[in-house]
Ligand SMILES: NC(=O)c1ccc[n+]([C@@H]2O[C@H](COP(=O)([O-])OP(=O)(O)OC[C@H]3O[C@@H](n4cnc5c(N)ncnc54)[C@H](OP(=O)(O)O)[C@@H]3O)[C@@H](O)[C@H]2O)c1
Ligand SMILES: NC(=O)c1ccc[n+]([C@@H]2O[C@H](COP(=O)([O-])OP(=O)(O)OC[C@H]3O[C@@H](n4cnc5c(N)ncnc54)[C@H](OP(=O)(O)O)[C@@H]3O)[C@@H](O)[C@H]2O)c1
Ligand SMILES: NC(=O)c1ccc[n+]([C@@H]2O[C@H](COP(=O)([O-])OP(=O)(O)OC[C@H]3O[C@@H](n4cnc5c(N)ncnc54)[C@H](O)[C@@H]3O)[C@@H](O)[C@H]2O)c1
Ligand SMILES: NC(=O)c1ccc[n+]([C@@H]2O[C@H](COP(=O)([O-])OP(=O)(O)OC[C@H]3O[C@@H](n4cnc5c(N)ncnc54)[C@H](O)[C@@H]3O)[C@@H](O)[C@H]2O)c1
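Protein chains in written order, with UniProt numbering: chain A, 1 to 97; chain B, 1 to 97; chain C, 1 to 367; chain D, 1 to 367; chain E, 1 to 460; chain F, 1 to 460.
This is the structure in structure tokens:
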């Protein structure tokens, strides 16, 4: 149980480290924004806790807020990243001409 | 349980993929030999199965052979790799002068 | 002065032998005509550059008596006869040797001519396009190396051939001004190993920037506060000794060391020449100011100690085509500064360029 | 022939005016002396190269009557008087113009001399070190470009300056043999835009390998089986027309097109010269064989249609230092081939080099 | 069903990883972002498939609010306001973690029945989540100029207060883990973390903000991973940890690119001395850039003009410049060289060098010809030139170079200047070009700088 | 204790990963190998710490035998026999997996009480392990020349037989998974896999063997991972999977470097047509190399001599050559250029070009001077030269170039020739140098080849 969770943790860490090696400065901000969108995955936590039954009004309110927050993080994050990458899209279009 | 094992599997796969990107030809054989030594880890399987109690003579014989095989794989693998890397060691010595 | 008739600009024919340049070329005639000026060209003015008179007229000039124009353009200083041909009130532009040819300038003053010397244009950034010293020095530096290559009995470049290996020639340039740098660059192009030297230590970087080595004579001339200090007599002698020693290592020495208005410093001693390899060449571009080499006879080739010492006096004139083109551009820029938008003469002596360049008849010009 | 006394090798003084080269230099005197030969140098033989007699004696030579040596080394073909000075049985090595100077060779034969012509050494790989045509052509190609740069009234390199931009000179080299390639390389070094042309289409790659463009006249001369076929009269005319047209684009044309033993082909017509820019230069290295330019007057500078046409006859001699060094090495290699380990003359006519180079007195040599 | 969910989770995070890989290269970045987004959709769908899910209305409500708020915000924000938007999104993510941890505490009665590591993970998530939330809000406020951009600090009080707050939060956590299950502990923890988040970010100057946001982003990732451990949700663990790891690397890269060190920045938050560096630059800020960035800018240009000067000669960089030019041309980019009449130190200086390096004559452009082309130029690459690009020659009659014609590089879309320092050229005067907003400086010897750019270009 | 073991396992595989990363770069390879070895020791120790371990004597016996056999074998093997040694070690690893799976089958009564995925994993491990074991033995035999190196095939029978064997093995596995627990099924499975291993490797020619060994290595890794799933041992899963993944990438790289495709090679094993390619080279084999390899060889030399020829001129590669020379010098390697008197097509051809590229005159060496230096030279890099290095000029009186002095490159420790093809030079004759054992050819235009080498050098 713990071994495997730890293994997952460490391996994921390794993946995170190796994925980012040399990134041109221009991509720093989009990349930050992209990883930011990915940690919106906490949304899943909210879904599970609420979906599998949380009682009490306060709990429910807090969870709805948490889910809303998570959704904002995810949706906003990916959209903003995409807009930031506009410069690179342009080029692709050009190349396609 | 299964999720985590699978996650470990996939993440380990990713790590394996990303670790090897550009390797000069000269290092192909040592690298193959090094990875070969690592899969000698099956030795652990033999140890667990034998150590945690396998009955029957045949089982025991098979496991002793398996452990011996695994050990050969590990020990021989690392030693051979090291010898193959002789060329690169030489240079280090030189640089140290 | 002239109000209604457009200002006339005269392009005269140079009379000094070997002066093959001309002060204006057809391309720039066009430009002045477009500015509203009348350009009068003396027939045959372009002969030395192989520019036929028709080319000038095609560009908008007229053939005629250029000496009586309002503004007369020349290359070399006018001879006494030529000064006589100028009417009073004429504006003359050309190389006038104001520092060395004092009588010539006095004659111009006497003749009532307002004279602008190309040599006297201040070397400020804004005047770079009029800097005829630079443009003609470029030509001279390039030609000096061609001359040296011509005279040298050896190859400049290294060649490894079936009949043996030829080492690259070693070329030393003394004085790394415009001509010196151009000489270094040209010699490098031809494959020689190049070295440069100058009294101004800050030029070392410039010498390296044309791929040459800097000759370090090892005398520190840095005094208090980072300023250069005067060398002691002993140090000067030591410097000369080391330079002499260094020179003997080179196949070719090109010297361009000038100190404006003074006699050129002697850098290459007879002893240095004696030490040079047989068949070596010294090209002394400072001949007119007395030469940088002890053995120089200005304007002549001398062979001493098996070394040829050339001292061409007017090297730029030997490549009249581009020399004239560049000079014409310099002159045109100056003319445009002397003329107002309507094409009238307007000498603004508050402009440091106009004031600096004027060597005679300033009062008349100001009137 | 000579058994006990060592073989003597004579280095004579060249008598033709302007022939400043010498057939052996001190470094190679040493080498022959080490081989056991006696080297006799005529006093003053090295004067043209500024090699003092002492340098020869220091290298192991003796001063004396070089004309009576067993083996006489020369550069230019001997004059009639010189032939008279040779004793019968002498072995002579030098440029002898065996294809054009038929009488000269006959005179040698008559005088009982065994003569080896440097021009006749077969151009096989093994003989590369003796290939004086190549070594002297290299010098000539290099000098031809210096000459052109000298004569041109313009810059070779491009220069962007405050007084305007000078475009690079355009240089065309016709005939891309040894001299032609060297000319292309040298002109490129000086900053010109270079183009080369030759009848042999396989040279295109070689032209590009010195950074030049290949002038493609667009006439396909490839016949059956990949062999070049004879051009039809019409095609030849068309080719000449296109070449003429092309030439007018160039500031400098250097021609080196030779066909051994025949009159040089005419490549630059008067019309082409007329089309060239004023101040342009043609350097015709084929002058001796009649010239590649219609207007060439061998050995003289001609100015026609504002273009200077030079046809130096002995360009290599104008750079006697290295030309002599390379030639001396070529000659030495040949001498070593003619001499056995004990330093005796041993002419082995079964060797294709010895047989090929011998132009007179072969029977005597074989005896 | 759980098997399907398991597989979907695996697919989801495989897509995250693949997408992130894409985001590191200019060619693949756009696609990478969408691949990661697809992964996210799959993860959400998989979660909703969990047997026994309920409370659908509330879930829909939460997601609905999120979409209604997030989409327009992301769509409408101006390009210049992007960084603060990222800060905000990051903050709400951290807030979500903190809230979930709080509910977790409430529903498990202070983790009374859970293994200890779950309590640790959950409280860690709460702590970090709360810091991230409030810290990000401050970052947002500073960048949006709601708060003043300059450092706000309590001077000597700063450091002790921060330590007290941290101790309070950790103390509460330890108490809970030890078995005390009063909810007030959790609330104190969240509040202390919140104030800590405010206090740490307030003293940091606006210039360092991007690095701080990236750091908070990495922290939020870690908190998500901790939450995943607590909830035994592999997708959370993997995604959170990847963000945590890649986020720290990225923060490091960003700090390096800005010539700042992370410890120094954070120390600032803890009352150290850091603000000075950003202060002095204020009056005449210069944007310095890297070889990698220069390479990207060049590679995505269609027209590049190289402006060589004396510095190229001193560095003898002509061969490297030529190689760079060829590389760009091979990518279909138009390259020319603008030769100023007096660039260098002798007439024709640039010609000699560029000819030596075999730059084709056709690419050398005279000043008058090229000046009209700058407005269509994407990047003007100034290599060791200075005076010949100085606008003072046009605008300042007192300047020694007044009246000299200059190369009009500032008309191009972007200017990159390669030189070793901010020092002046031959004329000894300052060059306003270097301070223009479209100019960035690549400091270093021209030869090595160009060499690095070439290398980066090859790796693109 | 289990927590400690967990942590130790994590440390172990983190070391594996870190070590593997090291193994991919020449500078870090030696250290990387030992780091991975340390990881292995930690993993073994951790396993031995498992509560309830027993059978210590037998364990010691097994490990003892392994060490006694493995260490001397690894120590004594000749450098030339390394590849077959790797094959052997790989094989025994596979054998171990197969044996453990068999025991697993026996102790669990055909997995009767285990979840299905455990049975699947274990049987997969058995199948692959057995194929690897026997296949590796054949590979060993071929390389050691116990078996003939040429392909041994059953012609038309090959493919059907292989398919039958595969079906038999898979059939047994399916039966076991379905619940049949007769041990004979397991034995048939192992035997069928064994024969399959033999049959698949036998038809593959000696030249392709390294690729096959690498492939078997990757397979063994996968089988270890499967075994890990079956035994619920995370260390096995991670290590096995990493080897599986990196092994496949590596196999692919190796195949590419040898200009072979993996499917083609494997198809050979299944009776396809592949053997031809290795056949024709036999009579005059030429070793072709890659830019990456050339770079490594150069970077680890102390003395390099560049031999330029006409090809460098045609390719106008002089600037690239100069850049390479500078790079090598900056690494402290001595670089000189051997100029043959008639290299190129005109006297001084090489001088003109190298001067243009600004190669210092001091580095240009004349033939007579450099010939005595070749015996101390690590790498002679022949760039587009041919005739001037042709030993026929010395040895073959009938050759048109007989008598010409040549550059004595073959005296150096290693010769790398850059040209576009095997075609001849000016003299139109073949060059024996190209076929010498110490010579390798880097085919391609000299300019691009040198460019690639430069790029690789920068990445080292
Ligand atoms: N062409 C001529 O005939 C001539 C003759 C005389 C004077 N001038 C004058 O010279 C100037 C020419 O303008 P310019 O723009 O070419 O040069 P510049 O204004 O002198 O500027 C050169 C710049 O290059 C930089 N630099 C020096 N070495 C470098 C290296 N190794 N790597 C990178 N950068 C380096 C210097 O800055 P860092 O120190 O910060 O690196 C310097 O600011 C004009 O003012 C002109 O009037 C020209
Ligand atoms: N120096 C002189 O004065 C002179 C004059 C006349 C003749 N020669 C003769 O020329 C020869 C010179 O010998 P060498 O060794 O320099 O040249 P070489 O023997 O002619 O060989 C040149 C080699 O370069 C290769 N090559 C051509 N283009 C290439 C490219 N773009 N990239 C890479 N490789 C290329 C060719 O092989 P691939 O086609 O396979 O690429 C060719 O085998 C001698 O035989 C000499 O006698 C010399
Ligand atoms: N403002 C501008 O833009 C501008 C324009 C043109 C030239 N210049 C500068 O003006 C300077 C002078 O140029 P110039 O070519 O006309 O100079 P010049 O012809 O007057 O002198 C040539 C060189 O000789 C050197 N010299 C003098 N005495 C010497 C000695 N004893 N030993 C060695 N060298 C000695 C000088 O230092 C000078 O470099 C140059 O450095 C040039 O860069 C500036
Ligand atoms: N075997 C060797 O190693 C060796 C040694 C030296 C030279 N060579 C070769 O021999 C060849 C001849 O060299 P060379 O310099 O002595 O030749 P050359 O002086 O006899 O002729 C010069 C060139 O003129 C060309 N030419 C002739 N007629 C022409 C026409 N109508 N139009 C244009 N061009 C014309 C020829 O093709 C030749 O290339 C060269 O290609 C050289 O590579 C070989």
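Note that the Cβ used here is the ideal one computed from N, Cα and C, for glycine as well.
If you're wondering where the values come from, they're calculated on a predicted model, not measured in any experiment.
Asked                                                                                                                  : Found
is_contact[residue 5 (chain A), chain B] using C-beta, thresh 9 Å                                                      : yes
The stretch 74–88 of chain D in contact with the stretch 9–16 of chain D per 3-pair CB rule at 8 Å                     : yes
Whole-angstrom C-beta distance between residue 51 (chain A) and residue 55 (chain E), which should lie under 8 Å       : 6 Å
Contact the stretch 4–14 of chain A vs the stretch 196–207 of chain E: 3+ CB pairs below 8 Å                           : no
6 Å CB neighbourhood of residue 18 (chain F) in its chain, flanking five on each side removed                          : 35
Any non-hydrogen atom of ligand 2 within 8 Å of residue 422 (chain F) CB                                               : yes
Proximal residues of chain F, C-beta to C-beta of residue 48 (chain B) below 8 Å                                       : 47, 50, 231 and 233
Residue 273 (chain F) burial status per 10 Å Cβ neighbour count (16 or more: buried)                                   : Caution applies to residue 273 (chain F), whose pLDDT of 45 falls short of 50 and renders its modelled position unreliable; the model cannot decide the point.
CB contact below 9 Å: residue 134 (chain C) versus chain E                                                             : yes
Classification of residue 5 (chain C) by the beta-carbon crowding that lies within 10 angstroms, buried from 16 upward : exposed
Rounded C-alpha distance that separates residue 170 (chain D) from residue 416 (chain E)                               : 35 Å
Nearest residue (CA-CA) to residue 116 (chain F), options F:220, F:154, F:75 and F:231                                 : F:231
CB of residue 94 (chain F) within 9 Å of CB of residue 223 (chain F), strictly                                         : yes
Any non-hydrogen atom of ligand 3 within 8 Å of residue 334 (chain E) CB                                               : no
Proximity test, Cβ basis, 9 Å: residue 11 (chain B) and chain A                                                        : yes
Rounded C-alpha distance that separates residue 405 (chain F) from residue 241 (chain F)                               : 58 Å
Buried or exposed by the 16-neighbour rule on C-beta atoms within 10 Å, applied to residue 424 (chain E)               : exposed
Contact with chain A by residue 14 (chain B), beta-carbon distance below 9 Å                                           : yes
beta-carbon residue 351 (chain D) near ligand 3 non-hydrogen atom, thresh 8 Å                                          : no
Assigned exposure category for residue 261 (chain C) - 16 Cβ within 10 Å defines buried                                : exposed
Pairwise C-alpha distance: residue 422 (chain F) and residue 59 (chain F)                                              : 58 Å
Residues of the stretch 324–356 of chain E whose Cβ lies closer than 9 Å to any Cβ of chain F, in chain order          : 356
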